[in-house]
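Following: one structure in structure tokens, then a few remarks.
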Amino acid sequence: MEVSELFWNANAERLKVGYIEESESFVCLLCGEKIEKGIIYPAENLLFEAERYMKRHIELEHGSVFHYLIDLNKKLTGLTEHQSSLLRLFYEGKSDAEIQTELNIGSGSTIRNHRFVLKEKERQAKIFFTMMELLKEKDDHAPTFLPLHKTATMVDDRYNITKEEQVDVEKKFFPEGVDGMLIKFPKKEKQKLATLRVIVKRFEQEKTYSEKEINEVLKNVYADFVTLRRYLIEYGFLDRKDDGSAYWVKN
Numbered sequence: 001m002e003v004s005e006l007f008w009n010a011n012a013e014r015l016k017v018g019y020i021e022e023s024e025s026f027v028c029l030l031c032g033e034k035i036e037k038g039i040i041y042p043a044e045n046l047l048f049e050a051e052r053y054m055k056r057h058i059e060l061e062h063g064s065v066f067h068y069l070i071d072l073n074k075k076l077t078g079l080t081e082h083q084s085s086l087l088r089l090f091y092e093g094k095s096d097a098e099i100q101t102e103l104n105i106g107s108g109s110t111i112r113n114h115r116f117v118l119k120e121k122e123r124q125a126k127i128f129f130t131m132m133e134l135l136k137e138k139d140d141h142a143p144t145f146l147p148l149h150k151t152a153t154m155v156d157d158r159y160n161i162t163k164e165e166q167v168d169v170e171k172k173f174f175p176e177g178v179d180g181m182l183i184k185f186p187k188k189e190k191q192k193l194a195t196l197r198v199i200v201k202r203f204e205q206e207k208t209y210s211e212k213e214i215n216e217v218l219k220n221v222y223a224d225f226v227t228l229r230r231y232l233i234e235y236g237f238l239d240r241k242d243d244g245s246a247y248w249v250k251n
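Residue numbers are given in UniProt numbering: position 24 of the sequence shown equals residue 24, and the series is strictly consecutive.
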């Protein structure tokens, strides 16, 4: 199962800790890193059992689950920039007076009002979540949508794609199978997204690539590898250093 699918399928309690337990390993919901059970992991002159090592991984690689979530695209969090800034400062334990100074907010009552609005948003989210859970028990006609890509940079209607539509695009543009060549890069944005979902699977999750290595992989997909590389970055599937010296799969 892909990282995004694991992430979106996890309940609130699992998301809070940032990892899930499988039969032989612990899996990070934020990046897909797996820590095998039954192994003692040495680090900084200490020894860690698997679950504690996973917690250490989240601390070192992501800062915290909170910081990872707050940095997601605002269309995924539903928060404004100002709300995100406030939540970050609240999480860091800043006092209202410190926040007032840092964000140049006029009065303490304004911050209290923001706290009230955020609390109201939490209540609304709980009610909406409960309704959606109840709806699943009754709605037999709901299509199966593909999970949203967590590192998506453009979250809009192009992500309104079902598993059946994804399969249709794959058959049309990868007639020899998803490991074969792309016969044409589609013009429609939804179809572009569907093809990029396929192409990014050609890359290893934890590997850092040079531009030449990226190009070599993409040349085996489509002749215009430069276009593919650009769209993989634009859509948030790949990231790179500013000077183009290193590329990697975003998680």
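Backbone N, C-alpha and C define an ideal beta-carbon position, used for all residues, glycine too.
With DSSP run on the structure shown, which of helix, strand or coil describes residue i?
| i | result |
| --- | --- |
| T162 | strand |
| F66 | helix |
| V249 | strand |
| F116 | helix |
| Y209 | strand |
| L15 | helix |
| A125 | helix |
| F7 | helix |
| K192 | helix |
| M132 | helix |
| V178 | coil |
| I183 | coil |
| V167 | helix |
| V155 | coil |
| residue 274 | Because the chain here runs from 1 to 251, residue 274 falls outside it and cannot be looked at. |
| F203 | coil |
| E216 | helix |
| K172 | helix |
Bridge partners of residue i, per DSSP?
| i | result |
| --- | --- |
| L47 | P42 |
| E36 | S25 |
| I20 | V27 |
| L238 | V249 |
| F145 | T162 |
If you compare alpha carbons, which of the options is closest to residue i?
| i | options | result |
| --- | --- | --- |
| V249 | D71, S64, F203 | F203 |
| I199 | E211, E102, E122, F174 | F174 |
| N215 | N251, A246, P42, C28 | A246 |
| G18 | R52, P42, R158, E189 | R52 |
| G236 | K172, E213, E81, Y159 | Y159 |
| E120 | Y68, E170, I39, L79 | L79 |
| L118 | K138, R88, E211, L146 | R88 |
| Y91 | G108, K192, I105, R115 | R115 |
| T144 | K163, D96, M132 | K163 |
| T227 | K192, K241, E22 | K192 |
| K212 | K150, L232, T151, G244 | G244 |
| N251 | S210, G38, E206 | E206 |
| E165 | E102, K34, R197, M132 | R197 |
| L238 | S95, F129, N113, H149 | H149 |
| E21 | K55, S84, Q83 | K55 |
| E102 | S23, S109, N113, S85 | S85 |
| I161 | E137, D139, D140, K188 | K188 |
| H82 | K138, T110, Y68, G93 | T110 |
| T151 | H141, L69, A12 | L69 |
| T208 | R240, G108, K172 | R240 |
Query raised in the report: Between the region 59-78 and the region 21-39, do three or more beta carbon pairs fall short of 8 Å?
Result: Three or more pairs of CB atoms, one per stretch, sit closer than 8 Å, so the region 59-78 contacts the region 21-39.
Requested in this report: Taking 8 Å as the threshold, find out whether the region 65-73 comes into contact with the region 141-156 through three or more Cβ pairs.
Outcome: Result yes; three or more Cβ-Cβ pairs closer than 8 Å.
Query raised in the report: If you scan the region 55-108 from start to end, which runs of the alpha helix (DSSP H) of 4 or more residues do you find wholly inside it?
Result: DSSP runs (the alpha helix (DSSP H)) wholly in the region 55-108: 65-70, 74-77, 81-91, 96-102.
Query raised in the report: Can at least three beta-carbon pairs, one atom from the region 34-53 and one from the region 4-16, be found at a separation below 8 Å?
Result: Touching, no.
Query raised in the report: Touch check for the region 214-230 and the region 175-186: three-plus C-beta pairs under 8 Å?
Result: When C-beta atoms of the region 214-230 are compared with those of the region 175-186, three or more pairs fall below 8 Å, so the two segments count as touching.
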